[in-house]
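The structure appears right after this line, and notes come after that.
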Amino acid sequence: MALCAAGLIGTGSTASAQDMQAGKAEYMIACAVCHGESGKGAGPMTEYLSIEVPSLTTLAAENDGTFPYLDVFQVIDGRTGVRGHGGAMPVWGDRFSAGARGEYGSFGAEVVTRGRIAVLTDYLMSIQE
Numbered sequence: 204m205a206l207c208a209a210g211l212i213g214t215g216s217t218a219s220a221q222d223m224q225a226g227k228a229e230y231m232i233a234c235a236v237c238h239g240e241s242g243k244g245a246g247p248m249t250e251y252l253s254i255e256v257p258s259l260t261t262l263a264a265e266n267d268g269t270f271p272y273l274d275v276f277q278v279i280d281g282r283t284g285v286r287g288h289g290g291a292m293p294v295w296g297d298r299f300s301a302g303a304r305g306e307y308g309s310f311g312a313e314v315v316t317r318g319r320i321a322v323l324t325d326y327l328m329s330i331q332e
């Protein structure tokens, strides 16, 4: 898994096949319920939401053809709130750092968490249309 996420932020990264699988797994666990398995905004929870769930496959197209890597990363890590998520994302709180603090300490947990977010962001970049 990509543990040096800080160096990847801003320009995107070249993810390995293993990282891409990890990113897809993170997506399926954390995002697909709302955004759908394909990322087009058609997950099973959409019928219960009062707002439209956007497609995550058009982020680059909506940004003049450039995937907004840093913006996406910051939304996932909670620096940028998203309407419909009740503020910082993910709504389930510290999911991305779960278990890491006890195993790696505060600093190590931060690195692991950013790595998990980086592989998820890499996966989202890979599904752009």
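Counted the way my numbering counts, the sequence shown spans residues 204 to 332. Backbone N, C-alpha and C fix where the C-beta goes; we use that ideal spot for every residue, glycine too.
| Asked | Found |
| --- | --- |
| Spatial neighbours of S329 in its chain, beta-carbon cut-off 8 angstroms, leaving aside the 5 residues before and after | A218, M223, G226 |
| Alpha carbon of R298 to alpha carbon of G268, nearest angstrom | 31 angstroms |
| Exposure of F310, with buried meaning 16 or more beta-carbon neighbours within 10 Å | exposed |
| I320 classed as buried or exposed, judged by whether at least 16 other C-beta atoms fall within 10 angstroms | buried |
| Selection from Y251, M231, E250 that minimises the alpha carbon distance to G242 | M231 |
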